[in-house]
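Working notes for the structure below.
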Amino acid sequence: MKHLLSPQLLFFVHALVAVPAATHLAAQQANTQRETSAANEETGESINPGINSNFLDPELDVDQWVARFEVESREVYQARKEILEQMKLTSGMRIADVGAGTGFYSILFSEAVGEAGWVYAIDLSPKFVPYLSQQFDQRKLNNVTTVMCDQDSICLPPNSVDVAFICDVYHHFEFPGDTMRSIHRALGEGGRVIVIDFERIPGVTREWTINHVRADKATFINEIQDAGFDLIAERKIPGFKDNYFLEFGKRSQ
Ligand SMILES: C[S@@+](CC[C@H](N)C(=O)[O-])C[C@H]1O[C@@H](n2cnc3c(N)ncnc32)[C@H](O)[C@@H]1O
């Protein structure tokens, strides 16, 4: 059948129909993921079994991960100064580096918050945790504590931090609701959470990331809001192509 509309008009009609359809699909997918997350909470099962097997391996080779994490070709390493600027840390602040990994962010935070502030470098990897302590000792940092945490809790006392930093870690949380609620408790009034994670856009994002990261930004925002936070803003990091930077505020009860 011949089209009764001109190609230009057809394109316009398609755009009108396709864009809302795509938005609708993304919202639908986010809702489905949110239901999966809620179902896992009820059964107490990990939402992503095995995602941390590398980090939990007692034979993990730390040097190999230093070479992988602290390299200029990694966006979150290359853009570390821009990220730090956007976090607006000031002297005296207390910050939780959740999933500190090899610790390069904890070291930057230590300097940013100064002697009056404090940094908690938190991880669950039996090889990263002692490595972190060793690094901080070598640098004679006297405002950093290393914390070995649990899969479902960052293991900090109530009202102990002002900012929680979650960089390339949220998609590794196996119990995101429990972990985020433990962060909620650990934050003081007016506390903030920074989440940096990978964009996950089918057809745009590379296959490795699609397979590695369980859900997209909209899903993660919903989950974090459900745990008691409000989205304050998405901040622009000029060096980012594959990642996003979200800032949340602790919602008062
Ligand atoms: C991809 S690495 C990112 C490390 C560091 N944030 C960076 O950007 O270089 C993920 C880290 O999160 C840690 N991790 C995974 N699940 C965690 C949890 N529930 N609580 C704390 N850390 C966790 C892992 O052990 C690992 O060190």
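Going by this note's numbering, 535 is the number at position 8 of the sequence shown; the sequence numbering is gapless.
From the three backbone atoms N, C-alpha and C, an ideal C-beta is built for every residue, glycine too.
Neighbour-count burial assignment, residue i, 16 or more Cβ in a 10 Å radius
i: E750; result: buried
i: L552; result: Below a pLDDT of 50, predicted positions are generally treated as unreliable, and L552, at 47, falls in that range; no measurement from the model is reported.
i: R595; result: exposed
i: T617; result: exposed
i: Q591; result: exposed
i: I574; result: buried
i: S637; result: buried
i: R727; result: buried
i: P783; result: Because the chain here runs from 528 to 780, residue 783 falls outside it and cannot be looked at.
i: V731; result: exposed
i: A643; result: exposed
i: A549; result: Note that A549 has pLDDT 44, beneath the 50 cutoff, so the model's placement of it is unreliable and the number below is only indicative. Exposed, because fewer than 16 other Cβ atoms sit within 10 Å of the Cβ of A549.
i: P585; result: exposed
i: W735; result: exposed
i: D743; result: buried
Segment limits, alpha helix (DSSP H) that includes residue i
i: N770; result: Careful: N770 lies outside any alpha helix (DSSP H), inside the beta strand (DSSP E) at N770 to K777.
i: D590; result: V589 to F596
Simplified DSSP assignment, three categories, for residue i
i: R762; result: strand
i: R666; result: coil
i: A548; result: Confidence at A548 is low in this model, with a pLDDT of 43, below 50, so the placement of that residue should be treated as unreliable; the coordinate-derived value is given next. In the structure shown, A548 sits in a helix (DSSP, three-state: H, G or I).
i: R601; result: coil
i: I574; result: coil
i: S618; result: coil
i: E586; result: coil
i: N794; result: Residue coverage of the chain in this structure runs from 528 to 780, which leaves residue 794 outside it and unanswerable.
i: N581; result: helix
Limits of the unbroken beta strand (DSSP E) element including residue i
i: I610; result: I610 -> not in any beta strand (DSSP E); alpha helix (DSSP H) instead, spanning R607 to M614.
i: D624; result: R621 to V625
Counterpart residues of residue i in DSSP-defined beta bridges
i: A754; result: Per DSSP, none; premise fails for A754.
Give, in chain order, every unbroken run of the alpha helix (DSSP H) that is at least 4 residues long and sits entirely within the region 672-746. 703-713 and 734-739
Jot down the residue ranges of each uninterrupted beta strand (DSSP E) in the region 628-663, minimum 3 residues, whole runs only, in chain order. Look at the region 628-663 and you find these whole runs of beta strand (DSSP E), each 3 residues long or longer: 645-650.
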